[in-house]
Each structure stands twice: as structure tokens, then as C-alpha cells.
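Shown next, in C-alpha cells, is the structure this report addresses.
In the numbering used here, the protein residues as written are -14 to 440.
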């Protein structure tokens, strides 16, 4: 229980913050006082408000992550620390917290590696409790079994390059007509990628080559992957989806080889849409990386995009990310991903089209798709699908219980829609901070426009 003096001190700080809401130092003191007094919910809100003003403040990220850790909100805590843990200036307490979070997620291998790195940086540090928890994993990390006497990673023995059949190549049977809404996105892709294929001679006359790169970004579940497939279907092109698991290899130099093999395979199968999902995982900012091996992969990626020593004619490169702020800025230069497209949640018309597709062939009464579309403001395509699936699950429970089979009704949907919140809200909270405070290039202007915020 708080004593009288503590309550009075908190009230004084609260009043001072209300009088000077832009005084960040004062707000930080107030947040710390709330935390010390056990007012976790209020402290969390204050830290969130501070992070909106100072999104790169490591101490604030640490304090909020530590609060989440104490509340057992492990995933939220991990997300807060991720942008900083590989930086040289990441403080010891942040790394120790990250190690504890990894242990909570049962990722003892990574936890042991981070602990050993921390020990190398600070030999005086010893946490016997952590070492006991990590056990054999820590011994492996300490012994550096895959490193030579100079600390360099041993190269993997030479192996044959992956066979072509190991690379997934599709021929999508969908096109833009199968996508609800997204008219401006389709228009941008059509001009950059589709028109040069369909009007080769015209573009050749004006010295424009086929190929190029487009980066799509926006909240998850809004159709970035689907539109990439539809792009390939629109021009009857091959489609090669590439994820982190297709490229990354634990052995030094192999990741670069895998990436090169993917590009070479695409060059042999033109016209081809090469699609990198969650591209920030492969192309994260090099300034945040400590290992030359990972930086080497990014350099290889940039070389492939530039077509160094080869041609990318006929290769159409699409990439998608939910976190464009983590992508190395070199990817956004002309000739690489020089067209950056914001893919927002579907508008009312698009939501209606998506619902029509989801509800097709389902047993149901006459549904007012227009009403649902309006009520589902801010929902992603994935959210809409989750809404209908939840309705159907509830309906099936009802049928099994009563023994009477009835179709899905508007009453069912109205009841369920009240319980589901759009998953895009959290994304926009983060994106808004970057759009306001880290947007000198203007890359995130479309986010501000969507949110109705003047730059």
C-alpha cells in the first residue's frame, strides 16, 4: 500500500506533467515513480507516450520491456528490444533482459550465444543462475566449436549448389480481377512491372527496360503476398517466393550462394516475378549488425538487384515487409526497390468484395455484406477471414448442441463482430511514430495521409 507521502508525490508529478506535457524529462521521472509505486498500467501508458516522442531511446525501450517481462508479456518485450540488441552500444542490462526473455521462449541456443558475447565484452560479469539455466548450451557457445583459433567462423565444406527442383516455382492462376480493391496499388504495379512486358516496343523506343523492383509495406494480412502472385498471373509469368528459410545458412558464405542461385534460376525462367516476403529479415540495416557474415548477405543482395556481371532483364522483383524502417536504406535507392508502395487495410468497397469471396458457397441467410464492411472499419483481409471463421465455429457449436442445422445469419455476425478488434491498430501505433519522427525522406507520407495527419 502506498503511504501518504508517496501518493502526494505522485499527484504533484502528475499535475506537473499535465501543466508541461512536452517536458520529456519530467514525464520520464513520473513514469519511473509510477513504476516504483506499483502502478504498472499507468507506468506502461506513460512509457508508451514517451516512446512516441523518442522512438530510438534505448533506456525507454528497456524500461517498458522490463515491465512487460514482469507482466509475463514476453513477445511484447522481445519486440521492444529487437532493434537494439545487436548494437555495440546496447547496455549490459538490456542484453541480460534479452537473454532472460530468450530463455522464457525456450531459445537457449541464442540465449547462450548472447550471454557469451556479453561475457567477452565484460569479463567481470558472472551470473551463476543464468549459467546453470543455460547449462550445456553455454559450454558450446563458450567453446565456439565452429570457430578457428583466431575466432573466425569455419567455412562449410564445399557442396553442390541447390538443384533447380529445390527452388519453388509457381504459375499462379489468379490475376488482378481476383483482388478486391487496392486500385492504386494495382495501378502502380501495372505501370512499373506489367506495362513494360505488354508494350515492349513502346518502352524500348523510350529506352525503358523491363524489370525493376517494388517494395510493398503495410500492416500484416492486407494482401501483399496475394497481389504479388496476382502480378505474376496477370502477365503469365513464373512466380518464385523467397523467404528467410530459403536463403539463410549457418555456414559462412553459403547464404550468399543460396541467394545467387535463386536469382540465377529466375534469370533462366523469365519473365519471372521474384517475391521476397518479410524482406527486412534478409535486408536489415547493416549499421545494426555486428557480424560481417550477415552484412555480406546484404551486399550480395544489393549486387543481385544491380545486376552486376549479369542482366536482370525480364525479372520483376517484388518485396513485402511489415517493418520498412528496419530495411537497409541502400535497398531504396534508384534501380533497386525504387518504387515504394504503401498497402493499407482494405477500404469499405474492398472489404465487401473480400467478404463476398470468403462467404461464397457457405450455408447462410441473405447477408448484408455492405453493413459488415462498414462495421469492420480497419480490418485487414486476414481479420475479415478470422471474423467469418469465428462466426462459423460458433454456429457449429450451436448446431451440435441443439441438433438443428441453421444457416449463418446477420445476427450471428453482428454478435461476433463486437468481440473482434482489427489487428492493424498495433501496427499503426508503431508506424505513426516512424512516420512523424523518422521520415525525412518522405517514405512514410502515405501512412500520415491514411491517418489524416499533416506532415
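A virtual CB, placed ideally from N, CA and C, is assigned to each residue, including glycine. None of these values were measured; they are calculated from a predicted model.
Bridge partners of residue 322 according to DSSP: none are assigned.
Per the coordinates, the alpha-carbon of residue 6 lies some 40 Å from the alpha-carbon of residue 262. The Cβ atoms of residue 286 and residue 299 lie no closer than 7 Å to each other. Taken through DSSP and simplified to helix, strand or coil, residue 226 comes out as strand. In this structure, the alpha-carbon of residue 97 lies about 8 Å from that of residue 84. Residue 360 and residue 402 have their C-alpha atoms roughly 8 Å apart.
Sorting 309, 61, 91 and 102 by C-alpha distance to the C-alpha of residue 80 places 102 at the top. In this structure, the beta-carbon distance from residue 209 to residue 157 does not fall below 7 Å. Scanning the stretch 165 to 232 from its first residue to its last, the whole alpha helix (DSSP H) runs of 4-plus residues come out as 168 to 174, 180 to 183, 185 to 190, 209 to 219 and 229 to 232. Rounded to the nearest whole angstrom, the CA to CA distance from residue 232 to residue 241 is 8 Å. Going by C-alpha positions, residue 423 is about 30 Å away from residue 333. Going by beta carbons, residue 200 and residue 225 fall outside the 7 Å limit. Distance between residue -1 and residue 13, taken at the CA atoms: about 11 Å. When the beta-carbon positions are compared, residue 166 and residue 335 come within less than 7 Å of each other. With a threshold of 16 other beta carbon atoms within 10 Å, residue 418 meets it and is buried. If you check the CB distance, residue 349 and residue 319 do not come in under 7 Å.
With respect to residue 198, residue 321 sits close: the two C-beta atoms are nearer than 7 Å. Residue 366 places its beta carbon 7 Å or farther from that of residue 409. The beta carbon of residue 324 lies closer than 6 Å to those of 177 and 199 in the same chain, with the five residues before and after it left out. Excluding the 5 residues flanking it on each side, residue 179 has same chain C-beta neighbours closer than 6 Å at 219 and 220, in chain order. In the three-state reduction of the DSSP assignment, residue 306 falls in the strand class.
Collapsing the DSSP output to three states places residue -7 in a helix. With contacts defined by Cβ atoms closer than 7 Å, residue 29 and residue 52 form a contacting pair.
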